[in-house]
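This note's numbering puts the last residue of the sequence shown at 184; the count rises by one with no breaks.
Cβ coordinates follow ideal geometry from the N, Cα and C atoms, glycine included.
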Amino acid sequence: MRGPRLHLFVCANRREGSPLGPGCGERGDAAYDALKAEVGARGLVARVWVTKTHCLGICPPQGATVARYPSSDPIRAGLAPAEAVALLDEPEAPATPSWSDIERELTAIEELQTKKVLDLARRLRPGLTLEDIQNPHDFPELDDPDWHYADGILTGVKTVTTALRAQRNRG
């Protein structure tokens, strides 16, 4: 079973005589009922979950507090029922990156690190080529801790790239 594309948590907490205020109580119940009705009317029951909760940590003087997951702006306070329903129309959180997105990022990182390794090698011995640095033992100038560190980072990036490509090809 896959989870929802959107999960809304609606505070309906009630506090009697608390210095923090009465909680969202009836306002939360109204927002919850409005959301449940709208989710049902739109046929989103399998994709959008609405859950009634206790305190979400913000007690607005009007409206209710609603938490939206996933979201870059997850907690909304002081929402009237119509404002809570409007959360259903907000854009979804960004999708999980595709393999091609990941590959593009890793390629850019590898190219940048390769340039750093080559530039550092050329500072140690001018004129070295990319092929030359594949055999650093042929060039005593490359026996430098900074160069070895940069080359080790490049090796790590290449290892991660290879592992992720293997994972992609498995499934």
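- [ ] Would you check if the region 18 to 37 and the region 81 to 101 touch, i.e. whether three or more CB-CB distances between them fall below 8 Å?
- [x] yes
TODO: Specify the secondary structure class of Thr58 as computed by DSSP and reduced to three states.
DONE: Here residue 58 refers to the residue found at position 45 when the sequence shown is read from its first residue. Residue identity differs from the one stated: residue 58 is Val in this sequence, not Thr. In the structure shown, Val58 sits in coil (DSSP, three-state: anything other than H, G, I, E or B).
- [ ] Determine the burial state of Trp160: buried for a count of at least 16 other Cβ atoms within 10 Å of its Cβ, exposed for fewer.
- [x] Position 147 of the sequence shown, counted from the start, is the residue given in the question as residue 160. Buried.
Task: Arg90, DSSP secondary structure in three states - done: As a working note, residue 90 is residue 77 in the sequence shown. Contrary to the premise, residue 90 reads as Ala rather than Arg in this sequence. Reduced to three states, the DSSP call for Ala90 is strand.
Task: Residue from Gln180, Gly169, Asp157 and Leu48 whose Cα sits closest to the Cα of Trp112 - done: Numbered from its first residue, the sequence shown carries residue 112 at position 99. Ranking Gln180, Gly169, Asp157 and Leu48 by CA distance to the CA of Trp112 puts Gln180 first.
Task: C-beta neighbour in chain C for Gly16, strict 8 Å - done: No chain C is part of this structure, which consists of one protein chain only.
Task: Thr175 to Val61 span [Cα, whole Å] - done: For the purposes of this step, residue 175 is taken as residue 162 along the sequence shown, with counting starting at 1. For the purposes of this step, residue 61 is taken as residue 48 along the sequence shown, with counting starting at 1. So the alpha carbons of these two residues sit roughly 37 Å apart.
Task: For Thr78, the first and last residue of its enclosing alpha helix (DSSP H) - done: As a working note, residue 78 is residue 65 in the sequence shown. Not the alpha helix (DSSP H): Thr78 falls in the beta strand (DSSP E), residues Ala77 to Tyr82.
Task: Range of the contiguous beta strand (DSSP E) that encloses Leu133 - done: Residue 133 sits at position 120 when you count from the first residue of the sequence shown. Counted as a single uninterrupted DSSP element, the stretch harbouring Leu133 is not any beta strand (DSSP E) but the alpha helix (DSSP H) occupying residues Trp112 to Leu137.
TODO: With DSSP collapsed to three states, give me the class of Leu21.
DONE: Along the sequence shown, one-based indexing puts residue 21 at 8. In the structure shown, Leu21 sits in a strand (DSSP, three-state: E or B).
- [ ] Starting from Asn182, trace the alpha helix (DSSP H) both ways and give me its first and last residue.
- [x] If you number the sequence shown from 1, residue 182 lands on position 169. That run of the alpha helix (DSSP H) goes Pro158 to Arg183.
Task: 8 Å contact criterion, which Gly36 and Asn26 should meet: CB distance rounded - done: Taking the sequence shown and counting its residues from 1, the one referred to as residue 36 is at position 23. Taking the sequence shown and counting its residues from 1, the one referred to as residue 26 is at position 13. Indeed, because the Cβ distance is near 4 Å, the residues count as touching under 8 Å.
Open item on the list: Between Val73 and Gly91, how many whole angstroms is the CB-CB distance? I'm expecting something under 8 Å.
Closed with: The count along the sequence shown starts at 1 and reaches residue 73 at position 60. The count along the sequence shown starts at 1 and reaches residue 91 at position 78. Checking the sequence shown, residue 73 turns out to be Pro, not Val. Between Gly91 and Pro73 the Cβ distance is about 4 Å, and since that is below 8 Å, they are a contact.
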